[in-house]
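FYI, my numbering numbers position 98 of the sequence shown as 89, with every residue one higher than the one before it.
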Amino acid sequence: MLLFRSFELGAILRKKIIVVLVLLLIAFSIVEIWVVNRLSTYGEQISKLEETRTNYVLENQVLQNQIDEASSLEEIGKLVKSYGFAEIKNIEYLTTSDLTPKNSTL
């Protein structure tokens, strides 16, 4: 009789373990499906962000080229001439003797 009870107890315990393992397997399968689904949606978002980043990098490079072109000496020279400035032909230097008054009345 004791052997029969231990056999029944072992069979019930085995069934419980199998049920728990099956439930865990189902739970892990559901979690894996959820994770794969989330990763696929994040993958789309990441690819959109990378595309946006690439567009901004290209736009930044175009703007940098425009800045370099506008700040070149040739462009600045053209701009200066369009404002009416010209090259200096006769340079006059002032010395300190030129700054002192000639007729000083103290």
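Don't be surprised by glycine CBs; every beta carbon is placed ideally from N, CA and C.
What does the alpha-carbon distance come out to for the pair residue i and residue j?
i     : j     : result
Gly68 : Glu78 : 10 Å
Ile37 : Asn56 : 29 Å
Lys7  : Leu14 : 10 Å
Val48 : Glu35 : 20 Å
Val10 : Glu41 : 46 Å
Gly75 : Glu83 : 21 Å
Classify residue i as helix, strand or coil using the three-state DSSP reduction.
i     : result
Lys72 : helix
Ala77 : coil
Tyr33 : helix
Thr86 : coil
Cutting at 7 Å between CB atoms, please list the residues of its own chain near residue i, excluding the five before and the five after it.
i     : result
Glu60 : Glu66
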